[in-house]
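Notes for the one structure printed next.
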Ligand SMILES: [Zn+2]
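Residue numbers (our numbering): 2 to 66.
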């Protein structure tokens, strides 16, 4: 279980991903910090691909018609 590096509290939540690194936010002191463990690159890739496809679909449809 992860703790906040500032106040050692375990009351933390995920706060997005940047450069394949999971960010967390402490609910007690409201500071953000990163996990030292890198996420699975394949999982990141598939999630980004999903977002890209999702974002491109409306534009592609409007070009076709
Ligand atoms: Zn904290």
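Positions of the beta carbon are idealized from the N, C-alpha and C atoms, including for glycine.
Query raised in the report: What is the chain-ordered set of residues for which the beta carbon lies under 7 angstroms from any non-hydrogen atom of ligand 1?
Result: In chain order, the residues positioned with their C-beta nearer than 7 angstroms to some heavy atom of ligand 1 are 5, 7, 8, 10, 27, 29, 30, 32.
Query raised in the report: In chain order, what residues of the same chain have a beta carbon less than 8 angstroms from the beta carbon of residue 14, not counting five sequence neighbours either side?
Result: So the list reads 25, 26, 28, once near-sequence residues are dropped.
Query raised in the report: When we look at the beta-carbon of residue 30 and count the other beta-carbons within 10 Å, is it buried (16 or more) or exposed?
Result: Exposed, by the Cβ-count rule.
Query raised in the report: Taking Cβ positions, are residue 37 and residue 5 nearer each other than 8 angstroms?
Result: Not in contact: residue 37 and residue 5 (Cβ atoms no closer than 8 angstroms).
Requested in this report: Starting from residue 34, follow its DSSP beta bridges and name the residues at the other end.
Outcome: Under the DSSP definition of a beta bridge, residue 34 partners with 25.
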